[in-house]
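Everything on this sheet refers to the single structure shown next.
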Amino acid sequence: DAMVIQNPRYQVTQFGKPVTLSCSQTLNHNVMYWYQQKSSQAPKLLFHYYDKDFNNEADTPDNFQSRRPNTSFCFLDIRSPGLGDAAMYLCATSRVFPGGNQPQHFGDGTRLSIL
Amino acid sequence: QQQVKQSPQSLIVQKGGISIINCAYENTAFDYFPWYQQFPGKGPALLIAIRPDVSEKKEGRFTISFNKSAKQFSLHIMDSQPGDSATYFCAASIRGATNKLIFGTGTLLAVQP
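These protein sequence lines map, in sequence, to chains A and B.
Each residue of the first sequence is one higher than the one before, counting from 1 in this note's numbering.
Each residue of the second sequence is one higher than the one before, counting from 1001 in this note's numbering.
Below is the structure:
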């Protein structure tokens, strides 16, 4: 089945130690998104790629970076994780069509814990 | 103006009852309104979606009612089942904005057997 796959499902890192989360997709969608979701809250968009064009949200901390080496893969880098960065990180994909907006398809997330 | 307001925050319904979740928006540039269902430890999954040129869309037990003039839309879950217990998010997407979603705050639904 075509899908959005996030690895690992659970990640534990130390305070201040860089961490990378990965996302891959078999949907061949041209847009990939990264969200942060904290308990009992809605997903919060961090940034997205439209093909190779990177779009950062205004309130995304500089501590968060992303890379998209090809259509299928996208990475979230947290350069110096703080305790407040403990959350579920969700990757999503979508296809942009001229005819109208399309749904986003989400992976099952990576649960990040900070020690 | 970019917000989507969702209510209630939580909802308890008896098995077989109707669950109703409401959302409201201000931005008339929104032209796509999906609902997502999220189970604990899982990512949100698209449940049903509507565009503003129709007033209602039904898929199985799930119906979206859309009132363009009032800028409101709602999700109705008929014959609610314990397996429907999850968090539901409404969302809105702005025309021509790479399908970027504005989420509501979520509703935690518990269906009691």
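Built from N, CA and C at the ideal position, the CB exists for glycine as well.
What you are looking at is a predicted structure, and each value in this text was computed from that prediction instead of being measured.
In the displayed model, G1017 (chain B) falls within coil according to three-state DSSP, outside both helix and strand. The beta carbon of T71 (chain A) sits closer than 6 Å to no other beta carbon from its chain once the five residues preceding and following it are set aside. A direct Cα-to-Cα measurement between I5 (chain A) and I1050 (chain B) gives close to 27 Å. Following the DSSP letters along the chain, one finds A87 (chain A) inside the beta strand (DSSP E) bounded by residues A87 to S94.
In the three-state scheme derived from DSSP, where H, G and I count as helix and E and B as strand, G107 (chain A) is classed as coil. Between the segment 92–107 of chain A and the segment 1031–1046 of chain B, the count of C-beta pairs closer than 8 Å reaches three or more; the two stretches touch. In terms of beta-carbon proximity, V4 (chain A) lines the interface with chain B, with at least one pair separated by less than 9 Å. Counting only Cβ-Cβ distances below 9 Å, F106 (chain A) has contacts in chain B at Y1036, Q1038, K1042, G1043, P1044, A1045 and L1046, in chain order.
Boundaries of the beta strand (DSSP E) harbouring N56 (chain A): D53 to N56, taken from the DSSP string.
Sequence-distant Cβ neighbours of L1108 (chain B) in its own chain, meaning closer than 6 Å and more than five residues away, are S1010 and T1087.
Interface flag for K1100 (chain B) against chain A is set, since a Cβ pair is found closer than 9 Å. Just measuring C-alpha positions, the residue of B:G1106, B:R1061, B:A1110 and B:L1101 sitting nearest Q1002 (chain B) is B:L1101.
Rounded to whole angstroms, G1083 (chain B) and F1066 (chain B) show a C-alpha spacing of 25 Å.
The beta carbon of V12 (chain A) does not come within 9 Å of any beta carbon belonging to chain B, so the residue lies off that interface. About 15 Å separates the beta carbons of P8 (chain A) and D77 (chain A), which is beyond the 8 Å limit, so they are not a contact pair.
Around the C-beta of P81 (chain A), 16 or more other C-beta atoms lie within 10 Å, and the residue is accordingly described as buried.
For G82 (chain A), the secondary structure class from DSSP, reduced to helix, strand or coil, is coil. Not one beta carbon of chain A lies nearer than 9 Å to the beta carbon of L1011 (chain B). Burial is judged here by how many other beta carbons sit within 10 angstroms of a residue's own beta carbon; F1089 (chain B) has at least 16 and is buried. The criterion of a C-beta distance shorter than 9 Å is not satisfied by I1077 (chain B) and I1012 (chain B). Beta-carbon to beta-carbon, T1098 (chain B) and Y50 (chain A) are separated by about 5 Å, close enough to satisfy the 8 Å threshold.
Separation of Q1014 (chain B) and Y89 (chain A) (C-alpha to C-alpha, rounded to the nearest whole angstrom) is 33 Å. With contacts defined as CB atoms closer than 9 Å, K44 (chain A) and K52 (chain A) fail to qualify as a contacting pair.
Interface with chain A (9 Å Cβ-Cβ cutoff): I1050 (chain B) is excluded.
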